[in-house]
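Below is one structure, written out as structure tokens; comments come after it.
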Amino acid sequence: MKYQPPNTTTDAGSPLPSDELSLTAGPAGPVLLQDVYLNEKLAHFVRERVPDRVYHVKGGGAFGYFEVTADVSPWTKAAFLNKVGKRTPLIVRFSAVAAEEGYPDTDRDVRGFAIKFYTEEGNYDIVGNNTPVFFIRDPMKFPDFIHSQERLPDSGLRSNNMQWDFWTLSPESAHQVTILMSDRGTPRTWRHMDGFASSTYLWENAGGEKFWVKYHFKTEQGISNFTDAESRAMRAQDLDYHRRDLFEAITRGEYPAWRLDMQIMPFEEAADYRFNPFDITKVWPHRDYPMIPIGRMVLDRNPANFFAEITQVGFEVANFVPGIGPSPDRMVLGRLHAYGDSSRYRTGTNYNQLPVNRPINEVHSYNKDGPMCYRHNDGQPVYAPNSYGGPRADPERYHDLTWPVEAGEIMRTAYVKHREDDDFVQPGMLYRQVMTPTDRDHLVENVVWHLSQGVERFIQERAVKEYWNKVDGELGMRIAQGLGLASPVR
Ligand code: HEM
Numbered sequence: 001m002k003y004q005p006p007n008t009t010t011d012a013g014s015p016l017p018s019d020e021l022s023l024t025a026g027p028a029g030p031v032l033l034q035d036v037y038l039n040e041k042l043a044h045f046v047r048e049r050v051p052d053r054v055y056h057v058k059g060g061g062a063f064g065y066f067e068v069t070a071d072v073s074p075w076t077k078a079a080f081l082n083k084v085g086k087r088t089p090l091i092v093r094f095s096a097v098a099a100e101e102g103y104p105d106t107d108r109d110v111r112g113f114a115i116k117f118y119t120e121e122g123n124y125d126i127v128g129n130n131t132p133v134f135f136i137r138d139p140m141k142f143p144d145f146i147h148s149q150e151r152l153p154d155s156g157l158r159s160n161n162m163q164w165d166f167w168t169l170s171p172e173s174a175h176q177v178t179i180l181m182s183d184r185g186t187p188r189t190w191r192h193m194d195g196f197a198s199s200t201y202l203w204e205n206a207g208g209e210k211f212w213v214k215y216h217f218k219t220e221q222g223i224s225n226f227t228d229a230e231s232r233a234m235r236a237q238d239l240d241y242h243r244r245d246l247f248e249a250i251t252r253g254e255y256p257a258w259r260l261d262m263q264i265m266p267f268e269e270a271a272d273y274r275f276n277p278f279d280i281t282k283v284w285p286h287r288d289y290p291m292i293p294i295g296r297m298v299l300d301r302n303p304a305n306f307f308a309e310i311t312q313v314g315f316e317v318a319n320f321v322p323g324i325g326p327s328p329d330r331m332v333l334g335r336l337h338a339y340g341d342s343s344r345y346r347t348g349t350n351y352n353q354l355p356v357n358r359p360i361n362e363v364h365s366y367n368k369d370g371p372m373c374y375r376h377n378d379g380q381p382v383y384a385p386n387s388y389g390g391p392r393a394d395p396e397r398y399h400d401l402t403w404p405v406e407a408g409e410i411m412r413t414a415y416v417k418h419r420e421d422d423d424f425v426q427p428g429m430l431y432r433q434v435m436t437p438t439d440r441d442h443l444v445e446n447v448v449w450h451l452s453q454g455v456e457r458f459i460q461e462r463a464v465k466e467y468w469n470k471v472d473g474e475l476g477m478r479i480a481q482g483l484g485l486a487s488p489v490r
């Protein structure tokens, strides 16, 4: 039988006589206000957007699952991890940090790697990047950092000068900038990069023992990056290269996968570890805390509607489940409020009721009403405590994940340094011990090119003397040569 499409309706369901013609007074007469469909169509169109994310604007994502491959009960009681073979549905959103919607995907940038696990104990979100470290370690600097990566207030142009000014005045950024300026700053696709929670988190097992942990999602597709020239060529060829690659790979049935490796530090070892383990600008060298594979993440379903499922998904650092919690990492603590706040602003108070954000377990909360309220627990009292059988929190079963703090004066102070803490030690090790000679050559070329694009001479000089020279003397010298500057004095 021939397919008979349904009749178009208004959003209130009333069938319409035309999709293409407005109501007019005679064939040449004016358009009439009584055309209720036209009114609704234009009014809805005007409201088609929600505010963008404040950064990480351009991205893409997909659905899939996480499968547990090892017994993690010695370290966490999180229910979604409690059995080998157990699968949990999830959504992942990849993004570029400074790119607005419409910006080329392959520009040099850090990439966002955000995961929402729909577990039986509520949503658990990991909002990380494709790098194990970050540019700054105190949330107070975060808006300034992002401003410096975005656009100038007068011309509206991006500015390498602003970027290098901020970075070179923030030596804690050296590790992340070394990674960003290497070819890892131009990943070939989202499928060909690793993902990291970057920050340190806290796990607790059923016996109440606690562990500090770091998450590493290792790509099974293999790491593959563009060179700077290749990434620039791709910018001219396809603005949406990364978004297209993921969507088309999943459509072809090539489902990208990542192995989840954990670094696990016994609770007591944090106090005396050679690096402050809560400083997000540092890694924990693998020889100190080896990788423990515990699971596998597979992406096997594209969004059916990009706006509903990718634009409106809201990841939250504050979404924990029993057995997993925050750590003294200030960048974690500073983020706990910001993400829900952003979703409330962008999508609305009841953003967690949208299908993409809604947990798969039942919600029994005393929050009520607000715009677009959809969930209603019929008959449930709206206040606690109550005498009418409303939900009750059970402190015997659940508790906050905490750690002891030394009481003292309230103050604004820098991170406590551990014995090997220094902003340039780890990027120096990365340059000398991890990078191949080709990686090192590309790093030099990329930095020289980036610093040559509109960066003032005094900032170039500071970048050489106060930054790269401290990462590695030879590196500083090569960059100075590339920029035509005098070699740095050590
Ligand atoms: C104090 C520091 C930070 C603050 C205040 C902050 C705040 C925010 C806000 C408000 C958003 C938009 C969220 C939304 O509208 O859904 C966002 C997005 C994002 N942030 Fe941060 N952020 C911080 C640091 C970090 C760090 C250290 C990482 C990575 C380790 C990170 C990774 C991301 C990612 C991946 C997204 C995009 C999530 C998505 O795809 O929806 N942020 N951040």
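Here the sequence shown is numbered in the UniProt record's numbering, starting from 1 and rising by one per residue. All residues carry an ideal CB built from backbone N, CA and C; glycine is no exception.
What residues match up with residue i in a beta bridge as DSSP calls it?
i              : result
asparagine 129 : Gly112 and Phe196
glutamine 263  : Lys214
glutamate 67   : Arg87 and Arg296
residue 566    : The question about residue 566 has no answer here: the residues shown for the chain are numbered 1 through 490.
arginine 151   : Arg158
tyrosine 124   : Phe117
residue 493    : Residue 493 lies beyond the stretch modelled for the chain, which goes from 1 to 490, so this question has no answer here.
Examine chain B for any beta-carbon lying closer than 9 Å to the beta-carbon of residue i, and answer yes or no.
i           : result
glycine 195 : This model lacks chain B altogether, as it is built from one protein chain only.
Would you call the CB atoms of residue i and residue j closer than 9 Å?
i              : j                 : result
isoleucine 292 : methionine 262    : yes
methionine 297 : tyrosine 124      : no
methionine 331 : phenylalanine 134 : yes
aspartate 105  : alanine 114       : no
tyrosine 118   : isoleucine 91     : yes
lysine 77      : glutamate 220     : no
isoleucine 280 : aspartate 329     : yes
proline 171    : lysine 465        : no
proline 27     : tyrosine 345      : no
asparagine 302 : isoleucine 360    : no
aspartate 109  : glycine 207       : no
asparagine 319 : histidine 418     : no
glycine 61     : isoleucine 310    : yes
aspartate 245  : phenylalanine 63  : no
histidine 175  : glutamine 426     : yes
threonine 8    : alanine 463       : no
lysine 210     : phenylalanine 267 : yes
tyrosine 388   : proline 381       : yes
valine 447     : glycine 482       : yes
glutamate 67   : lysine 41         : no
histidine 216  : proline 132       : yes
aspartate 144  : tyrosine 415      : no
serine 342     : arginine 47       : no
asparagine 129 : serine 182        : no
tryptophan 258 : lysine 218        : yes
Pop quiz: residue i and residue j are said to be a contact at Cβ under 8 Å. What is the actual Cβ separation, rounded to whole angstroms?
i              : j                 : result
leucine 443    : serine 327        : With a Cβ gap of about 31 Å, leucine 443 and serine 327 do not count as contacting.
valine 31      : serine 22         : 5 Å
threonine 69   : glycine 340       : The Cβ separation is near 31 Å, so there is no contact.
histidine 242  : tryptophan 190    : 5 Å
residue 491    : serine 173        : Look at the range of the chain in this structure, 1 to 490, and you will see that residue 491 is not part of it.
serine 107     : glutamate 445     : The amino acid occupying residue 107 in the given sequence is aspartate; serine does not appear at that position. About 17 Å; that fails the 8 Å criterion.
arginine 49    : phenylalanine 315 : Their Cβ separation, rounded to whole angstroms, is 20 Å, which puts arginine 49 and phenylalanine 315 out of contact at 8 Å.
proline 322    : tyrosine 398      : 6 Å
alanine 99     : valine 36         : Their Cβ separation, rounded to whole angstroms, is 40 Å, which puts alanine 99 and valine 36 out of contact at 8 Å.
tyrosine 383   : asparagine 350    : Contact flag wrong, Cβ pair sits at about 19 Å.
tyrosine 431   : threonine 178     : 6 Å
glutamine 312  : valine 283        : Contact flag wrong, Cβ pair sits at about 34 Å.
glutamate 420  : arginine 274      : 4 Å
asparagine 187 : arginine 111      : The amino acid occupying residue 187 in the given sequence is proline; asparagine does not appear at that position. The pair is a contact, with the Cβ atoms about 6 Å apart (cut-off 8 Å).
isoleucine 459 : aspartate 165     : 5 Å
Subject >> Segments of 4+ residues assigned as alpha helix (DSSP H) that fall wholly inside the stretch 284-353 >> reply: Unbroken alpha helix (DSSP H) stretches of 4 residues or longer found wholly inside the stretch 284-353: 330-333 and 338-346, given in chain order.
Subject >> Stretch pair the stretch 219-237 + the stretch 329-336: three plus CB contacts closer than 8 Å >> reply: Result no; under three Cβ-Cβ pairs closer than 8 Å.
**OP:** Counting only runs of 3+ residues fully inside the stretch 188-249, write out the beta strand (DSSP E) ranges in chain order.
**Re:** With a minimum length of 3 residues, the unbroken runs of beta strand (DSSP E) contained wholly in the stretch 188-249 fall at 201-204 and 210-219.
Original post:
Is there contact here, the stretch 142-162 with the stretch 453-460, by at least three beta-carbon pairs under 8 Å?
Top reply: The stretch 142-162 makes contact with the stretch 453-460: 3 or more CB pairs, one atom from each, lie closer than 8 Å.
**OP:** Go through the stretch 8-41 residue by residue and report every complete run of the beta strand (DSSP E) that reaches 3 residues or more, in order.
**Re:** Those beta strand (DSSP E) runs which fall completely within the stretch 8-41 and span 3+ residues do not exist here.
**OP:** Assess, as a yes-or-no matter, whether the stretch 78-96 is touched by the stretch 361-379 under the definition of 3 or more beta carbon pairs within less than 8 Å.
**Re:** Here the stretch 361-379 makes no contact with the stretch 78-96; the two share fewer than three CB pairs at distances below 8 Å.
**OP:** Counting only runs of 4+ residues fully inside the stretch 380-465, write out the alpha helix (DSSP H) ranges in chain order.
**Re:** Counting only runs of 4 or more residues that sit fully inside the stretch 380-465, the alpha helix (DSSP H) segments are 425-429, 437-451 and 457-462, in chain order.
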